[in-house]
Structure formats: C-alpha cells, structure tokens
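Chemist: Per numbering that gives the first Met the number 0, the very first residue in the sequence shown carries number 0; after that it's consecutive.
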Amino acid sequence: MTQDNRKGLWSTADAYEQYMGRWSRDVAPLFLKWLTPEMGRDWVDLGCGTGALTSGVTQLCQPERVVGVDTSEAFIQRARSLVSKATFEVGDATDSRLPAASFDYAVSGLVLNFTRDPSLMLREMTRLVRPGGQVALYVWDYAGHMQIMRHFFEAARTVDPHAATYDDGINAPICRPEALRSALQEVGLSSVNVTSLDVPAAFENFEAYWTPFLGGAGSAPRYVATLDAETRDRIREAIRDRLPTGPDGEILMALRAWGVRGTVT
C-alpha cells in the first residue's frame, strides 16, 4: 500500500489477505520465474503489503538483502510476522527515502494503479536501482481476465449502475499492456517487456467467494460497504446467478495479472 487513500481502502491486514493477498501469493512465483533474476542480489519491494511478493523473493531468489516498504503499519506488522528473512519499513512507494542506487531489483505487486501518480512510483523505483538492474512489477488485468472482479462488477451494474464508479477495470487504465510498456519507457527504462501471468482461483462455495467482499478491503468491498441491505442482497443474488458453479458448489475462475520489467541504464 502506498498512500493515504489506499490505507482507507485496505484498512486491515486480515481483510486484504482474504480479498487479494492470497492470490498475489500465487502470482508472485510466476512473476519471479519470468524475471529470471540473479541470485545473491539486493531487492526492494515497494508497496509490499502483507509481504506476498517479498516472501517469494526470500524463498526463490537467494537474496543478499530484501527491504519491504509500505505506508500501512498494520500491513508491515503482518509482513514481519510472515517473512523473517526481510527488513520492513513504513514508508511511501513514491518517496521511500532509501538511498539511491542501492538495490539490484526494485519490484512491486498489485500497487501501481493505487498510487496518486504512477509515474512518481516508477521514478522512485528507478532511482533506487543501480545501473544494469531491473525495475519490475505486476498488476491485475482488471478490465479483462481478473474474473473475481469482472463477475462482481458486471452483475452489480445490472442492479446499480453507480457500481461502475468503483470498477478498477474502468478506473485503472494503467493496468493494460501497452500502457504499462509506455509508462516504463517514459521514465527512461530500456528493454521493456510485458507478459501475462495466469493463476486459477477456486472457491469451495458461493459464501467463500462472497464473504471477502464484506471486509472493506478493496474497491469492490468499499462499494459494498456503501449499500443498503436490500441493494446488497440483490447484487449478491445477481452475482450468484452468473458465477460458473459446479455441481458440488465449487466455483473455478481464472485470474490474470500483467507483469512488466525494464532495465536501468
């Protein structure tokens, strides 16, 4: 998390973990495999949240040093409890106050579109990396194959058109391949590449899918929190009707994130 409005969206570590953190933990290994990093290097994870990506770095990349930065004290405390082989600091991803050119990799997971100015975050990531190092991140494909949210908002809009104002598929145009590529090129990164990162999501039943939307931990849950009981129930049933539910009640979905990387010159 990287700024005041994001702290408002994801006010508790537990709510975030149930809503998105667990899926970020599934994407992180795919992202790091695609990055093909050198072992024994220095890493910084900006907007580290509860440590999903930081944990992946410590487990898969044999880092010399890992620093996670997040504005949320609650998230930092949770990350410290989950990831022992990293240092965590409360700070802003757009102005971390860490020394320049002190890392080989600056990474981030599911954060860029929540910053007040994505270019500021990308410039900060670039500032922190030594020449020849990499800046890399991933974001959800909100407008396409992030099916947890697409099913929610497409159903919600049939009941309440105002739901569209909370839809990150509309509000986060940066989370598209060409926009990501251009954003990294504009801050001076070279050899910019974009890839898709696909993971499955399985829910035991409808309640397992629906309950995280009640925690206030993200755009869709924040929207749900504004609803009266009748509207919330109508949306709940509209979503139930459209979900791909198996005969045993299990719900299977596909989730896609976009990964992007560039080299500091």
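Glycine included, every Cβ here is placed at the ideal spot set by N, Cα and C.
Predicted, not measured: the structure shown is a model, and the values here were computed from it.
(1) Could I get the ranges of all uninterrupted beta strand (DSSP E) runs contained in the region 217–263, with 3 residues as the minimum, in chain order?
(2) Kindly indicate which residue of THR230, VAL138, ALA219 and GLY168 has the alpha-carbon position closest to the one of LEU179.
(3) Just to confirm the assignment, what range does the beta strand (DSSP E) spanning ASN170 have?
(4) Could you check whether the region 98–112 touches the region 37–55, counting it as contact only if at least three pairs of C-beta atoms, one from each stretch, sit closer than 8 angstroms?
(5) Let me confirm a value: ASN4 is counted as buried when at least 16 other C-beta atoms fall within 10 Å, else exposed. Which label applies?
(6) Since I believe GLN133 is in contact with TRP262 (beta carbons under 8 angstroms), could you give me their beta-carbon distance rounded to a whole number of angstroms?
(7) For my contact list, VAL233 and VAL158 are in at a C-beta cut-off of 8 angstroms; report their separation, rounded to the angstrom.
(8) From ASP91 to PHE151, what distance separates their C-alpha atoms?
(9) Of the residues ALA256, PHE102 and VAL193, which one's Cα is nearest the Cα of ARG64?
(10) Which residues bound the alpha helix (DSSP H) around SER101?
(11) State yes or no: is the C-beta of VAL186 within less than 8 angstroms of the C-beta of SER118?
(12) What does a CB cutoff of less than 6 angstroms around PHE265 pick up in its chain, not counting 5 residues either side in sequence?
(13) Can PHE74 and GLY48 be called in contact, C-beta distance under 8 angstroms?
(14) Based on the DSSP secondary-structure assignment, which residues constitute the bridge partners of ASN192?
(15) When we look at the beta-carbon of GLY39 and count the other beta-carbons within 10 Å, is it buried (16 or more) or exposed?
(16) Looking at the secondary structure, which residues open and close the alpha helix (DSSP H) in which PHE30 lies?
Modeler: In this structure, then:
(1) 250–262
(2) Taking the first residue of the sequence shown as position 1, residue 179 is located at position 180. If we check each option's Cα against that of LEU179, VAL138 comes out closest.
(3) Residue mapping note: residue 170 aligns to position 171 of the sequence shown, counting from 1. Taken as a continuous stretch (DSSP letters only), ASN170 belongs to no beta strand (DSSP E), being part of the alpha helix (DSSP H) at 167–170.
(4) yes
(5) Mapped onto the sequence shown, residue 4 falls at position 5. Annotation note: pLDDT 47 at ASN4 (below 50); position unreliable, coordinate value reported separately. Answer is exposed; the Cβ neighbour count stays below 16.
(6) For the purposes of this step, residue 262 is taken as the residue at position 263 of the sequence shown. For the purposes of this step, residue 133 is taken as the residue at position 134 of the sequence shown. As written in the sequence, residue 262 is Thr, which differs from the Trp given in the question. The Cβ separation is near 6 angstroms, so the contact holds.
(7) For the purposes of this step, residue 233 is identified with residue 234 of the sequence shown, where counting begins at 1. For the purposes of this step, residue 158 is identified with residue 159 of the sequence shown, where counting begins at 1. Sequence inspection shows Arg at residue 233; the Val mentioned does not correspond to that position. With 8 angstroms as the limit, ARG233 and VAL158 qualify as a contact, their Cβ atoms being about 5 angstroms apart.
(8) As a working note, residue 91 is residue 92 in the sequence shown. As a working note, residue 151 is residue 152 in the sequence shown. Straight-line Cα distance between these residues: approximately 30 angstroms.
(9) Numbered from 1 along the sequence shown, position 65 holds the residue referred to as residue 64. Out of ALA256, PHE102 and VAL193, PHE102 has the C-alpha closest to the C-alpha of ARG64.
(10) As a working mapping, residue 101 is identified with position 102 in the sequence shown. No alpha helix (DSSP H) holds SER101; DSSP gives it neither H nor E.
(11) Within the sequence shown, numbered from 1, the residue matching residue 186 stands at position 187. Within the sequence shown, numbered from 1, the residue matching residue 118 stands at position 119. Yes, these two residues count as a Cβ contact at 8 angstroms.
(12) The chain is shown only over 0 to 264; residue 265 falls outside these bounds and no answer can be derived.
(13) Translated into positions along the sequence shown, residue 74 becomes position 75. Translated into positions along the sequence shown, residue 48 becomes position 49. Cβ atoms of PHE74 and GLY48: closer than 8 angstroms.
(14) Taking the sequence shown and counting its residues from 1, one reaches residue 192 at position 193. DSSP lists ARG260 as partners of ASN192.
(15) On the sequence shown, residue 39 is found 40 positions in, with the first residue counted as 1. Per the 10 Å Cβ criterion, exposed.
(16) Numbered from 1 along the sequence shown, position 31 holds the residue referred to as residue 30. Counting along the chain, the alpha helix (DSSP H) containing PHE30 begins and ends at 21–34.
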